[in-house]
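To start, the structure under review is shown below, and the notes come after it.
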Amino acid sequence: MGMTSVNQAVIDALSEQIVTAYCDAAGPAEGAARSRLRDEIRHAIEEPVGSRTLAEDGPERVNAVLADWEAQEGRSFGLRLIEIDPGRTLVTMA
113 MGMTSVNQAV
123 IDALSEQIVT
133 AYCDAAGPAE
143 GAARSRLRDE
153 IRHAIEEPVG
163 SRTLAEDGPE
173 RVNAVLADWE
183 AQEGRSFGLR
193 LIEIDPGRTL
203 VTMA
C-alpha cells in the first residue's frame, strides 16, 4: 500500500487555518508574529508528507510549535490542535 503525499497547497491551507483558528480564540497576533507562527507551523507539518502521517503526527508537532510561540510571545492561552484532516483540508482545535 503506497502513501499519498500531501501537496504544498494543502500544507499552506492547513497552516493558515491553524493560525486563524488560534488567533480567533487566543486574540490577534501582530503581523510579524503571526507570520512567524504560520511559518513555524508550516515547517512543522511539512515533514510528515503522507496524509496519514500528517493526521497522526501533525497535531503533536503543531502543539509543540504553539507552546514555543506562546512562551516567546509571553502568551499563556493553552489552545491546542486536536485533529488535522488533510483530505478535507480541515483542522479542529480545542
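Quick note, the sequence shown lines up with residues 113 to 206 if you use my numbering. Every residue, glycine too, gets a C-beta built ideally from N, C-alpha and C. Computed from a predicted model, the values in this text were never measured in an experiment.
Whole angstroms is fine: what's the gap from GLU152's alpha carbon to ASP124's?
Pairing GLU152 with ASP124, the inter-Cα distance amounts to about 11 Å.
By how many angstroms is the C-alpha of LEU166 removed from the C-alpha of MET115?
Per-residue confidence for MET115 stands at a pLDDT of 43, beneath the threshold of 50, marking its modelled position as unreliable; the derived number appears in the next sentence. Between MET115 and LEU166, the C-alpha separation is close to 11 Å.
Just mark SER147 as buried or exposed, buried being the case when its beta carbon has 16 or more other beta carbons within 10 Å.
Exposed, since its Cβ has fewer than 16 Cβ neighbours within 10 Å.
According to DSSP, which residues form a beta bridge with ILE196?
Per DSSP, VAL203.
DSSP three-state assignment for GLY162, whether helix, strand or coil:
In the structure shown, GLY162 sits in a strand (DSSP, three-state: E or B).
Have a look at LEU126 and ALA183 and give me their C-alpha separation to the nearest angstrom.
Straight-line Cα distance between these residues: approximately 23 Å.
Just tell me which of ALA144, GLY143, GLU172 has its CA closest to the CA of ALA156.
Across the set ALA144, GLY143, GLU172, the C-alpha of GLU172 shows the shortest separation from the C-alpha of ALA156.
Rounded C-alpha distance that separates ALA141 from ARG164:
In this model, ALA141 and ARG164 are separated by some 30 Å (Cα to Cα).
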